[in-house]
Amino acid sequence: MKSFDPYLKHFEKKTKAGKTWQFELGDYIKVGFTVLEGTQKKRIQFFQGIVIAIRGSNQKQKMITLRRPGAFGIERILPSNSPQIQNFQILQSQKFRRSKLFYLRKSIGKAAFG
């Protein structure tokens, strides 16, 4: 049986292996990622939200679920090692005793901040 180590190492070099993100569950963060407009234009689009779930134990393969609080709940699932993600900025930090904050889906507006 062949080993997949050379195959995995090839793709680990392609991803941004040097970046590690320092955020936790319950942080209110601002994510900037690139969006293509037309054929050659690129711009950075920002998405602000509360981190309600982090999936994956490996630092390079984490999936983050962000929820924007408001009247209409908008959720976005982002891989942390995506090449489209330019930066993370922590706006507000809170401590929670849960591993997933799905109960924040019921709360609206400022109530989501605890």
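Position one of the sequence shown corresponds to residue -8 (the working numbering), numbered consecutively onward. The beta-carbon is built from N, C-alpha and C at its ideal position, and this holds for glycine as well. Please read these numbers as outputs of a predicted model, since none were measured by experiment.
Rounded C-alpha distance that separates residue i from residue j
i	j	result
Val26	Gln13	24 angstroms
Lys53	Glu15	12 angstroms
Pro70	Gln83	21 angstroms
Lys97	Gln80	25 angstroms
Ser90	Gln75	27 angstroms
Pro(-3)	Lys51	17 angstroms
Gly29	Arg88	44 angstroms
Phe93	Gln31	39 angstroms
Asn49	Ile99	32 angstroms
Lys33	Gln85	33 angstroms
Lys0	Gly47	19 angstroms
Residue i Cβ short of 7 angstroms to the ligand SAM heavy atom set
i	result
Arg96	Absence of the ligand SAM is noted for the structure shown, with no ligands found whatsoever.
Nearest residue (CA-CA) to residue i, options the options
i	options	result
Val22	Lys51, Gly40, Glu66, Phe93	Gly40
Phe72	Lys0, Ile55, Phe93, Lys86	Position check: residue 72 holds Asn in this sequence, whereas Phe was assumed. Measuring from the Cα of Asn72, the nearest candidate turns out to be Ile55.
Glu66	Lys86, Ile76, Asn78, Ile43	Ile43
Asp18	Lys32, Gln77, Pro74, Ile45	Ile45
Phe63	Pro(-3), Leu95, Ser48, Arg88	Leu95
Ala102	Lys0, Gly47, Lys33, Pro60	Pro60
Simplified DSSP assignment, three categories, for residue i
i	result
Leu95	helix
Gln31	coil
Ala62	coil
Lys107	Because the chain here runs from -8 to 105, residue 107 falls outside it and cannot be looked at.
CB contact flag (residue i, residue j, <8 angstroms)
i	j	result
Ile35	Gln77	yes
Leu57	Phe37	no
Considering only residues of the segment 69 to 93, which uninterrupted beta strand (DSSP E) runs meet the minimum length of 3 residues and lie entirely inside it, listed in chain order? Complete beta strand (DSSP E) runs here, min 3: 76 to 83.
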